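Residue numbers (my numbering): 4 to 163.
No residue lacks a Cβ here, since even glycine has one placed at the ideal position from N, Cα and C.
Quick caveat: nothing in here was measured; it's all calculated off a predicted structure.
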Ligand code: MG
């Protein structure tokens, strides 16, 4: 039996004025940003939860509790590095990631390559191991009304 594991992750953050919009570690120019204890990088959070889920290690709230002041305004890419170290310490590495961001606005297509490259650099992967896609929610529900941005991710782990 080939040693592989799969995990999935989901996250959503509220869109509010006077917050930066950071997705996949990339700051995107927009009138609204995501509210959260950390930098609220919803895509990176979904990816971390997928990595943890693949090894049944719980979720990011367990490792980086929103009640802990040390994670206030935290750069989610730093948290991603820590989760990657956790995975590696247990003898696993990422085979590939695929993800979807659900956002009505702004248009994310021009930023996809930058997000993919940033995540790949932090995780020491090739860009083609990191799938980042974006879709609107056809104006339906909270993401469609621009009340928030959501992200879904799946991660395949292989034994190192
Ligand atoms: Mg989150």
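**Item:** Member of 46, 36, 62 and 148 whose CA lies at the smallest distance from the CA of residue 107
**Value:** Looking up residue 107 in the chain shown gives position 104. With distances taken between Cα atoms, residue 107 lies closest to 148.
**Message:** So, for residue 79: in the same chain, excluding its five sequence neighbours on each side, which residues have a beta-carbon less than 6 Å away from its beta-carbon?
**Reply:** The residue given as residue 79 occupies position 76 in the chain shown. If we look at residue 79 and ignore the five residues flanking it on each side, its Cβ neighbours are 41, 42, 44 and 47.
**Request:** Flag this pair as touching only if the stretch 81-89 and the stretch 140-156 have three or more C-beta atom pairs under 8 Å; answer yes or no.
**Result:** No: fewer than three Cβ pairs fall under 8 Å.
**Request:** Check whether the Cβ of residue 105 sits closer than 7 Å to any heavy atom of the ligand MG, and report yes or no.
**Result:** Stepping through the chain shown from its first residue, residue 105 is reached at position 102. No; taking the cut-off as 7 Å, the Cβ of residue 105 has no heavy atom of the ligand MG nearer than that.
**Request:** Examine the Cβ distances between the stretch 86-94 and the stretch 116-124 and report whether three or more of them are shorter than 8 Å.
**Result:** no
**Prompt:** Which of helix, strand or coil does DSSP assign to residue 147?
**Reply:** For this step, residue 147 is matched to residue 144 along the chain shown. Of the three classes helix, strand and coil, the one that applies to residue 147 here is helix, per DSSP.
**Message:** Once the 5 residues before and after residue 133 are set aside, which same chain residues still bring their CB inside 6 Å of it?
**Reply:** By 1-based counting over the chain shown, the position of residue 133 is 130. The answer, listed in chain order, is 100, 119, 122 and 123.
**Request:** Let me know the beta strand (DSSP E) ranges lying completely inside the stretch 76-128, each 3 residues or longer, listed in chain order.
**Result:** 95-105
**Item:** Same chain, Cβ closer than 7 Å to residue 49, neighbours up to 5 away in sequence not counted
**Value:** Reading the chain shown from its first residue, position 46 is the one you call residue 49. Here the set comprises 12, 13, 14, 102, 154, 155 and 156.
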